[in-house]
Amino acid sequence: MNKNQALHILMVGMTLGTAWAVRGHFGHEQGAAWAGGIATLGLILVSRRKDWYSKMLPTVLAASVGWGITGMISYGLVVGYGMSNNYPNALYGLTMLFAIGTLFGVLGGGLTGLSLESSKERKVEWGVLFAQMGMGGLIVYGLLIQQLEWLMTPPRSEAWAICLGAALAFLWYTARKGFPATTRISLITGIGTGFGFAFGNFLQIVGMVAEIPFNMWNVMEYSIGFFGGIALAYGIFTSVWPQTVSPVKAWENRVAFVLVFLVIPFVVFQQSLSFDPVIERFRTGAEVVQPELTGKISSISSLIILVISAALIGYRLKKVHTGFNVGDIRFVFIVYFSVYILFGYIINGVMGGKAALNIHLYVVNLIVILMLTRIQGSPFSSHPLLQVDSRKLFKVLVAVILFITVMSFIAVNLHEGLPGTQNRF
403 MNKNQALHIL
413 MVGMTLGTAW
423 AVRGHFGHEQ
433 GAAWAGGIAT
443 LGLILVSRRK
453 DWYSKMLPTV
463 LAASVGWGIT
473 GMISYGLVVG
483 YGMSNNYPNA
493 LYGLTMLFAI
503 GTLFGVLGGG
513 LTGLSLESSK
523 ERKVEWGVLF
533 AQMGMGGLIV
543 YGLLIQQLEW
553 LMTPPRSEAW
563 AICLGAALAF
573 LWYTARKGFP
583 ATTRISLITG
593 IGTGFGFAFG
603 NFLQIVGMVA
613 EIPFNMWNVM
623 EYSIGFFGGI
633 ALAYGIFTSV
643 WPQTVSPVKA
653 WENRVAFVLV
663 FLVIPFVVFQ
673 QSLSFDPVIE
683 RFRTGAEVVQ
693 PELTGKISSI
703 SSLIILVISA
713 ALIGYRLKKV
723 HTGFNVGDIR
733 FVFIVYFSVY
743 ILFGYIINGV
753 MGGKAALNIH
763 LYVVNLIVIL
773 MLTRIQGSPF
783 SSHPLLQVDS
793 RKLFKVLVAV
803 ILFITVMSFI
813 AVNLHEGLPG
823 TQNRF
């Protein structure tokens, strides 16, 4: 791996890390979808592949769906298990966070890769794929949760089983239909994101024990995205890709534009920044003076920003008649990313004069990311791999699991109990 390739991989890692940290203020499927879309825009931007520029919109939509699906998984209690002061519970917590993070990466990274691997010679049957993923989710949930009662986070939602079934169906589809790059990327991204989640929980524990005056939950979220983004970029930049892509129809671009730049941001707005939820947030936890007035100003400002950003992106892309270029991708990336960060400021009370240090660091990250996008040269390996190296991947998986067992042992010896601690057993 050369220096330029490493820096491009770092850029994608920082992008998903920052976006996932912002997502922590919104949560749920819509927040994850926005973060995944931002990371995919960044990846396409530094790929320097004009054929990928042309399919930017449907690829970002596919990635948003993939990362967004796993937003349904409840993991608050699992984080509490990792904070336990006894080894069995702590090990269980970190291991289950690894499993949840793996599902994030398998579906998020997998659908990103599948959209890029779709070509004239081998097109993805999207309707068939999503039908199989939906059925797989129902079957696995019915078997594991309703029949066997293998509960991860009682009494919370066990939606992880739905995502597990969808992930298994997805991998079966890619293996059966001949999408080797996607299978490889899906597995690599899964391990990277899973490690990021477990390691992030460990960092959170260390920070709380050391009484570092910082939002350590946000550090954990950054870790999820950072390691997931690095794994995603590494998998994509070291895989073999088709040289021809399936042409994107005008209606596909229009639908993708509406869903990515209007629907996803609007759902984030409606669920978190409309009058009732934002005022309630400011009343109960944000320590904002005049929460009602600040909430109304914040809500109206958010909606205006949403509309203006969508109009700017739409106007820029509508002017394009011969295919998107690097300038178009960069413009969309900056606007879409900046709006998410602005929403992060607003939901934390910036209109009431309140902004935590971690919010300002999002801007610092964005500046560094934009500098890294200017690095010239191809990020792709000169010796790409066609298929996943099963033996090597298994060794990495074993190493990660062993590392988690060590982290768990260290974590339980750092404290006698922390706020938010939970015990599964």
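Numbering of the sequence shown is given in my numbering, commencing with residue 403 and proceeding in unit increments. Just so it is clear, CB atoms sit at the ideal spot from N, CA and C, and this is done for glycine as well.
Checklist entry - Is the beta carbon of residue 565 within less than 8 angstroms of some heavy atom of the ligand PLP? => result Ligands in the displayed structure: none, and consequently the ligand PLP is not present.
Item to check | Contacts around residue 479, its chain only, beta-carbon distance under 7 angstroms, and the 5 residues preceding and following it disregarded | outcome: Position 77 of the sequence shown, counted from the start, is the residue given in the question as residue 479. Here the set comprises 555, 558 and 824.
Item to check | Buried versus exposed, by CB contacts within 10 Å (16 or more), residue 796 | outcome: As a working mapping, residue 796 is identified with position 394 in the sequence shown. The residue in question, residue 796, is exposed, as its Cβ has fewer than 16 Cβ neighbours within 10 Å.
Item to check | Assigned secondary structure, residue 641 (DSSP; H/G/I helix, E/B strand, else coil) | outcome: For the purposes of this step, residue 641 is taken as the residue at position 239 of the sequence shown. In this structure, residue 641 counts as strand in the three-state DSSP scheme.
Next on the checklist: Please identify the residue among 738, 767 and 818 whose C-alpha is closest to the C-alpha of residue 466.
Outcome noted: As a position in the sequence shown, residue 466 is number 64, starting the count at 1. When each option's Cα is compared against that of residue 466, the closest is 738.
Next on the checklist: In the DSSP output, which residue or residues are listed as bridge partners for residue 787?
Outcome noted: Locating residue 787 in the sequence shown gives position 385, where the first residue counts as 1. Bridge pairing for residue 787: 641 [DSSP].
Next on the checklist: Contact between the region 505-513 and the region 589-598 is defined here as three or more beta-carbon pairs at a separation below 8 angstroms; is this criterion met?
Outcome noted: yes
Next on the checklist: When you compare the CB positions of residue 470 and residue 775, do they come within less than 9 angstroms of one another, or not?
Outcome noted: As a position in the sequence shown, residue 470 is number 68, starting the count at 1. As a position in the sequence shown, residue 775 is number 373, starting the count at 1. Between residue 470 and residue 775, the CB-CB gap reaches or exceeds 9 angstroms.
Item to check | Contact belief for residue 442 with residue 462 at Cβ below 8 angstroms, rounded distance in angstroms | outcome: Locating residue 442 in the sequence shown gives position 40, where the first residue counts as 1. Locating residue 462 in the sequence shown gives position 60, where the first residue counts as 1. So it is a contact: roughly 5 angstroms between Cβ atoms.
Item to check | 8 angstroms contact criterion, which residue 752 and residue 432 should meet: CB distance rounded | outcome: Taking the sequence shown and counting its residues from 1, the one referred to as residue 752 is at position 350. Taking the sequence shown and counting its residues from 1, the one referred to as residue 432 is at position 30. For residue 752 against residue 432, the beta-carbon gap comes to about 21 angstroms, at or over 8 angstroms, which does not count as contact.
Item to check | For residue 443, the first and last residue of its enclosing alpha helix (DSSP H) | outcome: Counted from its first residue, the sequence shown places residue 443 at position 41. Here the alpha helix (DSSP H) through residue 443 covers 430-449.
Checklist entry - Who are the Cβ neighbours of residue 500 in its own chain at under 8 angstroms, not counting the five residues just before and after it? => result Stepping through the sequence shown from its first residue, residue 500 is reached at position 98. If we look at residue 500 and ignore the five residues flanking it on each side, its Cβ neighbours are 596, 597, 599, 600, 802, 803 and 806.
Item to check | 6 angstroms Cβ shell around residue 655 - same chain, five flanking residues per side excluded | outcome: Numbered from its first residue, the sequence shown carries residue 655 at position 253. The residues are 459.
Next on the checklist: One question on the structure: do residue 715 and residue 659 come within less than 9 angstroms of each other, judged by their Cβ atoms?
Outcome noted: Along the sequence shown, one-based indexing puts residue 715 at 313. Along the sequence shown, one-based indexing puts residue 659 at 257. Taking 9 angstroms as the Cβ cut-off, residue 715 and residue 659 qualify as a contacting pair.
Checklist entry - How long is the line joining the alpha carbons of residue 876 and residue 644, rounded to whole angstroms? => result The shown model of the chain, from 403 to 827, leaves out residue 876, and the question about it has no answer.
Item to check | Sequence-distant residues of its chain with Cβ nearer than 8 angstroms to residue 750 (five each side left out) | outcome: Position 348 of the sequence shown, counted from the first residue, corresponds to residue 750. Closer than 8 angstroms at Cβ, skipping near neighbours: 427, 688, 756, 757, 758 and 761.
Checklist entry - Taking the continuous alpha helix (DSSP H) assigned at residue 806, which residues delimit it? => result Stepping through the sequence shown from its first residue, residue 806 is reached at position 404. Here the alpha helix (DSSP H) through residue 806 covers 792-814.
Next on the checklist: Taking 8 angstroms as the cut-off, does the region 622-642 touch the region 775-791 (at least 3 CB pairs, one atom from each stretch)?
Outcome noted: yes
Item to check | Selected residue, minimal CA-CA separation from residue 513, among 421, 561 and 586 | outcome: On the sequence shown, residue 513 is found 111 positions in, with the first residue counted as 1. Comparing alpha carbon positions, the residue from 421, 561 and 586 closest to residue 513 is 586.
Checklist entry - What first and last residue would you give for the alpha helix (DSSP H) that runs through residue 514? => result By one-based count along the sequence shown, residue 514 stands at place 112. Looking at the DSSP string, the run of the alpha helix (DSSP H) that includes residue 514 is 489-519.
Checklist entry - Three or more beta-carbon pairs under 8 angstroms between the region 403-416 and the region 609-621, yes or no? => result Three or more beta-carbon pairs separated by less than 8 angstroms are not found between the region 403-416 and the region 609-621, which leaves the two stretches without contact.
Item to check | Cβ neighbours of residue 422 in the same chain (closer than 6 angstroms, five flanking residues each side left out) | outcome: Translated into the one-based positions of the sequence shown, residue 422 becomes position 20. The residues are 437, 623, 626 and 627.
Checklist entry - Are three or more beta carbon pairs between the region 564-582 and the region 538-548 nearer than 8 angstroms? => result Contact between the region 564-582 and the region 538-548 is present, with at least three C-beta pairs closer than 8 angstroms.
Checklist entry - Between which two residues does the alpha helix (DSSP H) carrying residue 654 extend? => result Against the sequence shown, residue 654 aligns to sequence position 252. Where residue 654 is concerned, the enclosing alpha helix (DSSP H) stretches over 652-660.
Checklist entry - Which word fits residue 683, buried or exposed, when buried means at least 16 other C-beta atoms lie within 10 angstroms of its C-beta? => result Translated into the one-based positions of the sequence shown, residue 683 becomes position 281. Per the 10 Å Cβ criterion, buried.
Checklist entry - Which residues mark the beginning and the end of the alpha helix (DSSP H) in which residue 458 is found? => result What you label residue 458 is simply residue 56 of the sequence shown in a count that begins at 1. Here the alpha helix (DSSP H) through residue 458 covers 458-471.
Next on the checklist: Is it buried or exposed, residue 649, if we count other Cβ atoms within 10 angstroms and call 16 or more buried?
Outcome noted: Residue mapping note: residue 649 aligns to position 247 of the sequence shown, counting from 1. Under this definition residue 649 is an exposed residue.
Checklist entry - For residue 515, which of 563, 661, 495 and 582 has the nearest alpha-carbon? => result Taking the sequence shown and counting its residues from 1, the one referred to as residue 515 is at position 113. Comparing Cα-Cα distances from residue 515 to each of 563, 661, 495 and 582, the minimum goes to 582.
Checklist entry - Would you call the region 717-731 and the region 785-799 in contact, with 3 or more CB pairs under 8 angstroms? => result no
Next on the checklist: With H, G and I counted as helix, E and B as strand and the rest as coil, what does DSSP make of residue 532?
Outcome noted: Walking along the sequence shown from the start, residue 532 turns up at place 130. Residue 532 falls in the helix class under three-state DSSP.
Next on the checklist: I'd like the ranges of any beta strand (DSSP E) spanning at least 3 consecutive residues and lying wholly in the region 520-588.
Outcome noted: none
Checklist entry - By DSSP, does residue 630 sit in helix, in strand, or in coil? => result Stepping through the sequence shown from its first residue, residue 630 is reached at position 228. The answer is helix: DSSP assigns residue 630 an H, G or I state.
Next on the checklist: At the level of alpha carbons, what is the spacing between residue 826 and residue 536?
Outcome noted: If you number the sequence shown from 1, residue 826 lands on position 424. If you number the sequence shown from 1, residue 536 lands on position 134. Their Cα atoms are separated by approximately 29 angstroms.
Item to check | Integer Cβ distance of residue 704 from residue 675, believed to fall under 8 angstroms | outcome: Against the sequence shown, residue 704 aligns to sequence position 302. Against the sequence shown, residue 675 aligns to sequence position 273. So it is a contact: roughly 4 angstroms between Cβ atoms.
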